[in-house]
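Novice: In my numbering, the protein residues as written are 30 to 200. Ideal placement from N, C-alpha and C gives every residue a C-beta, glycine not left out. Only a predicted model underlies this, so the values are computations on that prediction, with no experimental measurement involved.
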Ligand SMILES: C[S@@+](CC[C@H](N)C(=O)[O-])C[C@H]1O[C@@H](n2cnc3c(N)ncnc32)[C@H](O)[C@@H]1O
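(1) Quick check on residue 96: buried or exposed, where buried means 16 or more other Cβ atoms within 10 Å of its Cβ?
(2) Taking all protein chains shown into account, do 16 or more other C-beta atoms lie within 10 angstroms of the C-beta of residue 159, making it buried, or fewer, making it exposed?
(3) Answer with buried or exposed for residue 35, where buried requires no fewer than 16 other C-beta atoms within 10 angstroms of its C-beta.
(4) Is the distance from the Cβ of residue 142 to the Cβ of residue 162 below 8 angstroms?
(5) For residue 30 and chain D, any beta-carbon pair shorter than 8 angstroms?
(6) Can you confirm whether the stretch 99 to 108 touches the stretch 63 to 75 when touching is taken to mean that 3 or more C-beta pairs between the two stretches lie within less than 8 angstroms?
(7) Does the pairing of the stretch 36 to 45 with the stretch 58 to 66 give three or more beta-carbon distances under 8 angstroms?
(8) At what residues does the beta strand (DSSP E) containing residue 147 begin and finish?
(9) Are residue 106 and residue 114 touching if we call contact CB-CB under 8 angstroms?
(10) Which first and last residues belong to the alpha helix (DSSP H) in which residue 105 is found?
(11) Heavy atom of ligand 1 less than 7 angstroms from the Cβ of residue 30, yes or no?
(12) Residue 51: beta carbon under 7 angstroms from a heavy atom of ligand 1?
(13) Measuring only the C-alpha atoms, how far is residue 186 from residue 167?
(14) If you count every other CB in all the chains shown that lies within 10 Å of the CB of residue 47, and 16 or more means buried, which is it?
(15) Using 7 angstroms as the cut-off, classify the Cβ of residue 76 as near or not near the heavy atoms of ligand 3, replying yes or no.
(16) If residue 89 and residue 121 are in contact, beta carbons under 8 angstroms, what's the gap, nearest whole angstrom?
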């Protein structure tokens, strides 16, 4: 279904790598998309497989049932996928659940963020789609001029900085 839609939207089979571990479905994919690279493997092993150069993929589209997987497996899938994604690459995850199917703990550990990007009504029940990307790097601002620093931060963040400074002084 995903692959069919991607090709319908103009993607070339030779630009797609399809990963599936069900032996029956992998055969269907090979038959239907002879031009694509079809890999019969567990997506949790991406980290240890050489499926291309690091940073050589633009996006991942996933219908993997992350909600039913143990956290270690979800962590392995995401860390493996992001190894192959470009710096601004994205991992699109479909889910039937009411929220992003990746815990905050895993997102924090991998330095990722998730954003709801829409819903597809073609599924029953309708599925939600989340876009997972790397967080932008933190900026360290060092200045003797507190007004200059303050002007660079939203008010809420500035109040947090003040709180941290106060508590570190009293510690
Ligand atoms: C909701 S289906 C997505 C269907 C399909 N990819 C499509 O284009 O619509 C989820 C698929 O993920 C596969 N799957 C589940 N766990 C996997 C894993 N650890 N590694 C690779 N494939 C997995 C299942 O066999 C199933 O075919």
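Specialist: Judging by the given coordinates:
(1) Here residue 96 is taken as the residue at index 67 of the chain shown, counted from 1. Label assigned to residue 96: exposed.
(2) On the chain shown, position 130 is the one that residue 159 refers to. Buried, since its Cβ has 16 or more Cβ neighbours within 10 Å.
(3) Along the chain shown, one-based indexing puts residue 35 at 6. That one is buried.
(4) If you number the chain shown from 1, residue 142 lands on position 113. If you number the chain shown from 1, residue 162 lands on position 133. Their beta carbons are under 8 angstroms apart, which means residue 142 touches residue 162 by this criterion.
(5) Considering every chain present, this structure includes no chain D. It has just one protein chain.
(6) yes
(7) yes
(8) Against the chain shown, residue 147 aligns to sequence position 118. First-last of the beta strand (DSSP E) with residue 147: 141 to 149.
(9) Looking up residue 106 in the chain shown gives position 77. Looking up residue 114 in the chain shown gives position 85. No, they are not a contact pair.
(10) Start at 1 with the first residue of the chain shown, and residue 105 comes out as number 76. Residue 105 -> alpha helix (DSSP H) spans 100 to 113.
(11) By 1-based counting over the chain shown, the position of residue 30 is 1. Yes; taking the cut-off as 7 angstroms, the Cβ of residue 30 has a heavy atom of ligand 1 nearer than that.
(12) The residue you call residue 51 lines up with position 22 of the chain shown. True, at least one ligand heavy atom lies under 7 angstroms from that Cβ.
(13) Here residue 186 refers to the residue found at position 157 of the chain shown. Here residue 167 refers to the residue found at position 138 of the chain shown. Approximately 13 angstroms between the Cα atoms of the pair.
(14) As a working note, residue 47 is residue 18 in the chain shown. Buried.
(15) Because ligand 3 does not appear in the structure shown, any question about it cannot be addressed here, the ligands present being ligand 1.
(16) Counting from one through the chain shown, the residue named residue 89 turns up at place 60. Counting from one through the chain shown, the residue named residue 121 turns up at place 92. Yes, residue 89 and residue 121 are in contact; Cβ-Cβ is about 7 angstroms, under 8 angstroms.
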